[in-house]
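To keep things clear, I will list the structure first and then write my remarks on it.
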Amino acid sequence: MLSEDISQRNLNFESYRERITNFSNEFELGLFIYIVKRSLIWIVLCITLAGAAAYLYLRYTAETFESRALLQFEQSNTAQQVLKVTQFVEDQNLTADVELLHSRFFILRALKRLPMHVSYYFKGNILTNELYTASPFTIEDVEVIDGRILDVPLFFSLLGADKVEISYRLPESDHKETVEARNGQRVTTPHMAFNFRMDEEQVREKLEDDGELFMKVNDQKTLAAKYAAQVFVRIVDPNAKTVEVSCKDHNATIARDMVKALTDEFVDYDVERRRESSESILRFIDSQKDTVFDQLRNNEFLMKKLQTTDRVADKNNLTAIYLERQTDYENKMAEMAIEESLLSEIERATTEENGEVDVYHLVPLLVGTEYERTLSGLITTLEAMIKERDEMGSDATEAHEGYQGVQMRLNIQKRMIIESIANMRKRFAARKDRYEAQLAEFEAQFTTLPEKELEYARITRLFNINEKYYTQLLEKDIEYRISRAGFVPDNRTLEEPEIPRAAISPDRKLVSVSYLSIGVILGLFVVLIRYILHDNITSLFDIAKGSQASIGILGMIPKYKKEIPISQLLVDKNPKSLIAESFRTVRTNLQFVDNTPGAKVIAITSTISGEGKTFVAINLAGIISFSGKRVIVLDLDMRKPKIHLGFGVENVRGMSTLLIGKDTLGNCVQHSAIPGLDFITAGPIPPNPSELIISDAMNELLEQLKSMYDIVLIDNPPVGLVTDGLPMIQKADYPIYIFRADYSKKQFVQNVDRMINENKITRMSAILNGVDIDRNKYGYNYGYGYGYGYGYGYGYGGYYEDRAEQGNRLPFNIGRKKRG
440 MLSEDISQRN LNFESYRERI TNFSNEFELG LFIYIVKRSL IWIVLCITLA
490 GAAAYLYLRY TAETFESRAL LQFEQSNTAQ QVLKVTQFVE DQNLTADVEL
540 LHSRFFILRA LKRLPMHVSY YFKGNILTNE LYTASPFTIE DVEVIDGRIL
590 DVPLFFSLLG ADKVEISYRL PESDHKETVE ARNGQRVTTP HMAFNFRMDE
640 EQVREKLEDD GELFMKVNDQ KTLAAKYAAQ VFVRIVDPNA KTVEVSCKDH
690 NATIARDMVK ALTDEFVDYD VERRRESSES ILRFIDSQKD TVFDQLRNNE
740 FLMKKLQTTD RVADKNNLTA IYLERQTDYE NKMAEMAIEE SLLSEIERAT
790 TEENGEVDVY HLVPLLVGTE YERTLSGLIT TLEAMIKERD EMGSDATEAH
840 EGYQGVQMRL NIQKRMIIES IANMRKRFAA RKDRYEAQLA EFEAQFTTLP
890 EKELEYARIT RLFNINEKYY TQLLEKDIEY RISRAGFVPD NRTLEEPEIP
940 RAAISPDRKL VSVSYLSIGV ILGLFVVLIR YILHDNITSL FDIAKGSQAS
990 IGILGMIPKY KKEIPISQLL VDKNPKSLIA ESFRTVRTNL QFVDNTPGAK
1040 VIAITSTISG EGKTFVAINL AGIISFSGKR VIVLDLDMRK PKIHLGFGVE
1090 NVRGMSTLLI GKDTLGNCVQ HSAIPGLDFI TAGPIPPNPS ELIISDAMNE
1140 LLEQLKSMYD IVLIDNPPVG LVTDGLPMIQ KADYPIYIFR ADYSKKQFVQ
1190 NVDRMINENK ITRMSAILNG VDIDRNKYGY NYGYGYGYGY GYGYGYGGYY
1240 EDRAEQGNRL PFNIGRKKRG
């Protein structure tokens, strides 16, 4: 039995695989439409479930809002243009500003403008809403004692008038902290302290909505990381220098305020950044002015002392020629003094002890010098590295491998700047030595002058140099102060952000259409699966194909639309009905199987119970008796007898009692309401029906009945379950196998084919029972092109309608030959 089950399963699997492989070749539109019709409940169910899923998704998915603003980057400095002052800030880079706006460093600055140090929430059954500025309770003057309290939910429960209980649990801790708080009082917990305020009525209303109120003290770095993923910056028009800043959030007000904070912070930050550059160069000029002024005072004091104490003559009388020839070198020496001071200042700023480099202080120091081209590129690169390190520092510690890598590259860049400055100083020193050598040459020409007069001349020369240097510093100071006052950034907001009225997500129309489409697809998928897995016999063509035309086709019996009466004998109710016509077709086609004279034995069987063999046996016997034949029906299905039910009699005696000799034939034969139609019931269920069927008594009884009747019709047990029916099938003149449409499996045909070959049954014919004629309207043809069938041309509107009333038409025509 186990091997047979395995073989059957393999057969089923091979059948399904073959059906899938040949799906495109053997696609049957009528069958597919029929399955669609039968699967409408599943399709509707899938669409209904998809609609319900769409509703639940839209109902319980938090809406996302987006607010946008349009910025235009532009700057102008009227005073700088009028004075022709060299620009001391690098050119504005649109891409760099976009990266700055999107960086966590800048978002952290923008968050300081918003009341988001503490976030307030209302947690419902499913969704959690951030109350933002609409919270019925607030905390102020928060003092964090333990950093672990950051981002930990603190839940509120109302205890009474102006009194609540605050509870929280730290991460990885099983202990729950609770503390009572009163309105207007300062609350202290082991991890934080704050002033608590609330509106009792609003708190009570919120808690009555079947939810929880809680708050979180935000870790600003975590908050910046969160909004870095929600803030989007893109260049709209590079020529117009317009940039769009947008923010997405579940709270529409937060989305608007975040964009507003970013745009306002950028304008202020740009002004601050550029003013810091201006302030740094002015601080340098002020420090140099004080130094040069002290040198001028000292030179002036020495000159007066020589004139009064030592009575040295006026220098113009002694050194006119000397000073005239030295004028060019003195100017150069004055310029070199400024450049030397600048190099010293740059070197000092680059080698500060704390390791930090003020790039905005270094860049202005180079303006107008011959070293600007050499060092500006190095310092600009250094600035980019510093920004990269600062942005990484917001997410990683100094011990982080990436942070250390950036710091290493930063140190290398600083060493390059220091080495460049050292090389410049060497060149500067060589040039200075050259100028001093030339001055020494001129001084040697005047060694004959009195020593005091020569010293006076030297002091006068130094005084002139410092005086020129001081004058230049005063001019630069005035120019840059005016330039700073004239700098007005034109970065402006072309489109102010607004509170969005509608959510961008979820898109209700898109979600509804998508879910309903999925429902339809799932429904069609169910239909497709049912079509692929459909292994029931649905037409005569399936029988012919499965048996490779080795099984003769007697005809098919339409499906009875109403509940079949307990008698199951229908042909006598209305001889003109379609069912009666179908049995007449079967009766006629029997002539093609065997038309020799004499009594005949008809043995009817099926594969399993429920295929309608008893129904066919009774009605076929009835339709044959209408032709004047004497017919007797034997119920050999002694394991599950039904003939007595079909004729409405008791099953107290019959084949079982007759074959064991307990009853006589005369006592067991019963007469039906149709003249010429008799039957013998199965009798009490015996323990050994197989032995009774193959006994000599059965053979003798069969011969006796053939002498008394024209047709002996035997209702055998299903051969797919037991082998009791095989002996009678082998002896029958008309062995008939019953299949039921949409019930019998296609592999049943192969069982019949195997039974024919193994038992050498040469006249096996088939009847397809329970055919749904309505399916023909879907284009599914049940016709069988082997030259026989039924097709009288009579109308079909029911099973008992008169042909004259219905007209001469049928929904199909199998080409049955007419009887004589």
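According to our numbering, numbering within the sequence shown proceeds without interruption in unit steps and concludes at 1259.
Heads up, the beta-carbon is just placed ideally off N, CA and C, and yes, glycines get one too.
CA-to-CA distance, residue j to residue i, given in whole angstroms
i	j	result
Asp649	Asn564	7 Å
Glu1197	Leu470	33 Å
Leu509	Met775	49 Å
Leu566	Cys686	21 Å
Lys699	Ala549	9 Å
Val682	Ile938	19 Å
Phe527	Thr899	At Phe527 the pLDDT is 39, less than 50, meaning the model places this residue with poor confidence; the figure from the coordinates comes in the next sentence. So the two alpha carbons sit approximately 35 Å from each other.
Ile856	Asn850	10 Å
Thr577	Asp536	36 Å
Arg1023	Pro1156	24 Å
Ala1060	Pro1126	28 Å
Arg625	Ser506	37 Å
Arg969	Ile674	54 Å
Lys907	Asn738	13 Å
Lys1015	Leu1009	11 Å
Arg848	Ala838	15 Å
Val1188	Leu497	53 Å
Ala876	Arg870	10 Å
Ile693	Leu553	9 Å
Lys1216	Ser956	Note that Lys1216 scores 49 on pLDDT, short of 50, meaning its location in the model is unreliable; the coordinates nonetheless yield the value given after this. The alpha-carbon atoms of Lys1216 and Ser956 are separated by roughly 28 Å.
Arg437	Arg722	Absent from the model: residue 437. The displayed extent of the chain is 440 to 1259, so no value can be given.
Leu399	Glu858	An answer regarding residue 399 cannot be provided, because it is not within the stretch 440 to 1259 covered by the chain.
Ser1048	Val1191	15 Å
Reference residue i, options the options, closest by Cα
i	options	result
His1083	Leu1017, Met555 and His1110	His1110
Glu569	Met637, Ala691 and Leu598	Ala691
Thr628	Arg1069, Val959, Tyr666 and Leu593	Leu593
Gly1122	Ile1099, Ala1136 and Leu1116	Ile1099
Val1040	Gln669, Gly991, Leu1152 and Ala663	Leu1152
Asp1172	Ala1042, Asp1074, Pro1080 and Asn1013	Ala1042
Glu778	Met831, Pro1080 and Arg864	Arg864
Arg736	Gly1159, Ile904 and Val675	Ile904
Glu934	Arg695, Glu914 and Met742	Arg695
Phe671	Tyr708, Ile546 and Ile724	Ile546
Gln1169	Lys1184, Ser1183, Asn1138 and Gln1186	Asn1138
Val591	Ala573, Asp601, Ala600 and Lys615	Lys615
Ser1204	Gly490, Leu979 and Ala1136	Leu979
Where the beta strand (DSSP E) through residue i begins and ends
i	result
Pro1174	Tyr1173 to Arg1179
Asp1074	Val1070 to Asp1074
Ile674	Val670 to Asp676
Cβ-based neighbour list, residue i, same chain, cut-off 8 Å, excluding 5 preceding and 5 following
i	result
Ser1129	Val1161, Thr1162 and Asp1163
Asp1181	Asn975, Ile976, Thr977, Gly1209 and Asp1211
Gly1115	Ser1064, Gly1067, Lys1068, Arg1069 and Val1070
Asp981	Lys1185 and Val1188
Asp1011	Gly1061, Ala1112 and Ile1113
Val965	Ser478, Trp481, Ile482 and Cys485
Close-in-space but distant-in-sequence residues of the same chain around residue i (CB under 6 Å, 5 per side omitted)
i	result
Ala1038	Lys1145 and Asp1149
Cys1107	Arg1092, Gly1093, Leu1097 and Ile1119
Asp1102	Arg1092 and Thr1096
Proximity test, residue i beta-carbon vs the ligand NAD heavy atom, cut-off 6 Å
i	result
Ser612	For the structure depicted, the ligand NAD is absent and the ligand set is empty, with no information on it obtainable.
Endpoints, alpha helix (DSSP H) assigned at residue i
i	result
Arg1193	Gln1186 to Asn1198
Val952	Arg947 to Leu972
Ser1146	Asp1135 to Met1147
Arg503	In the sequence as displayed, the identity of residue 503 is Thr instead of Arg. Looking at the DSSP string, Thr503 is not in any alpha helix (DSSP H), and its letter there is neither H nor E.
Met1167	Leu1165 to Lys1170
Anticipated Cβ contact below 8 Å, residue i with residue j, distance rounded
i	j	result
Leu533	Phe512	6 Å
Val1025	Leu993	5 Å
Ser1095	Ile1177	Contact flag wrong, Cβ pair sits at about 23 Å.
Residues of its chain near residue i, where Cβ-Cβ distance is below 7 Å and the 5 sequence neighbours each way are ignored
i	result
Lys645	Phe561, Pro575 and Leu652
Glu830	Ser542, Arg543 and Phe544
Asp580	Phe633 and Asn634
Val950	Ala493, Tyr496 and Leu497
Lys1052	Ile1043, Thr1044, Ser1045, Asp1154 and Ile1177
Leu488	Gly958
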